[in-house]
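Worksheet: the structure to be examined is printed underneath.
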Amino acid sequence: MDPRLVEAALNGNSMELQRLHGADSLLLERDSLYPETVLHIAAMGGQTEFVRELLKLIKPDFATKLDKDGFSAIHIAFAKGYVEIVRELLIFSRELARLKSRDGRTSLHCAAVTGRVQVIKELHGFFPDCIGEVTLRGDTALHIAVKYNQFEAFEAMFDIVKQLNMEEIMSAGDEDGNTVLHLAVARKQTQTMKLLLDGDGSHHEAVGVNMTNRSGFTALDVSDVIQQMVGEPTDFMLRDLLLRAGALRA
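Residue 1 is where the sequence shown starts when you use full-length UniProt numbering, and the numbers rise one by one after that.
See below:
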């Protein structure tokens, strides 16, 4: 990669980008031959204006390039929470919302890992149904939010799921058959469990209160195992939440 282009991206120097491109119209085409492009660098650094100008000069497939870690620029922007860059990329190509990393993550999965609520809401306006996309391990973005203990991100996506009447996603299992409820119980995530189980019970079936994972355990079975192993006071409260929601053993 041309070091002048790298420096311009790192510094957010849009004028230098235009000058370099004007002097050599094939510069960006050559840059696209590398796994990590100047777009990755600018996205990582939060250089919004540079990204905006760069998108005027590149072809659509330039933005789909995966770096050595298997991520595109939009995955990086989501993980970092750069709302304006996310918006510019989605305006450039709405299909980037569905672009998957090498391990099958969409940008929404990346936002769930780091708890970037604002970019989650931004994506909702472009491609709401991408919330159902899964990784190679069967994780929805909801699974990821629970696994990385990102409650606010989970709550934002939970609200989106309800708005779209896509509650069936809540009972989806990962590669081990675990629903988000199985995971929340195993991790003793009280807020997540209350969100899933409180209320009038209208979405309890969608949550899959009594679904079994690949080990044959329901969420209540998981709770029982944890209580036997640790037996902390909060375990009884979590178990009570499950029982009031109609949870049963397998």
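No residue lacks a Cβ here, since even glycine has one placed at the ideal position from N, Cα and C. Remember, predicted model here, so these are calculated numbers, not experimental data.
Check your understanding: Straight-line CA distance for ASP174 to HIS143?
Key -> About 8 Å.
Review point. Any idea if GLY246 is buried or exposed, counting beta-carbon neighbours within 10 angstroms, 16 or more meaning buried?
Key: In the assembly as shown, GLY246 is an exposed residue. Its beta-carbon has fewer than 16 other beta-carbons within 10 Å.
Point to revise | Span separating the alpha-carbon of VAL230 from that of LEU164 | key: Spanning the alpha carbons of VAL230 and LEU164 requires a straight line of approximately 39 Å.
Practice item. Quick one: which unbroken beta strand (DSSP E) runs of 3-plus residues sit fully inside the stretch 162-216? Chain order, please. Key: The stretch 162-216 contains no whole beta strand (DSSP E) run of 3 or more residues.
Check your understanding: Excluding five sequence neighbours on each side, which residues of the same chain lie with their C-beta closer than 7 Å to the C-beta of ARG137?
Key -> Cβ contact annotation for ARG137 (same chain, cutoff 7 Å, sequence separation greater than five): ASP174 and GLU175, in chain order.
Point to revise | Alpha-carbon to alpha-carbon, LEU243 and ASP224 | key: Spanning the two alpha carbons is a distance of roughly 12 Å.
Point to revise | Below-8 Å beta-carbon distance, THR218 vs any chain C residue | key: Although the question refers to chain C, the structure presented lacks it and comprises just one protein chain.
Point to revise | Where LYS56 sits in the DSSP three-state scheme | key: Here LYS56 sits in coil by DSSP.
Review point. Helix, strand or coil for SER101 per DSSP?
Key: In the three-state reduction of the DSSP assignment, SER101 falls in the coil class, being assigned neither a helical nor a strand state.
Exercise for review: Pull up the CB-CB distance for ILE74 and LEU99, whole angstroms please, since I reckon it's below 8 Å.
Suggested key: Indeed they touch by this definition, with Cβ atoms about 6 Å apart.
Check your understanding: Between which two residues does the alpha helix (DSSP H) carrying VAL117 extend?
Key -> Run containing VAL117: 117-124, per the alpha helix (DSSP H) assignment.
Practice item. Can you tell me which of the three DSSP states ARG249 falls into? Key: Residue state for ARG249 is assigned as coil, using DSSP reduced to three classes.
Check your understanding: Tell me which same chain residues have a C-beta within less than 6 Å of the C-beta of residue 261, skipping the five on either side of it?
Key -> No statement about residue 261 is possible, as the shown extent of the chain runs from 1 to 250 and does not include it.
Exercise for review: Give every residue of the same chain whose Cβ lies closer than 6 Å to the Cβ of ALA172, excluding the five residues on either side of it in the sequence, and list them in chain order.
Suggested key: Correct list, in chain order: THR140.
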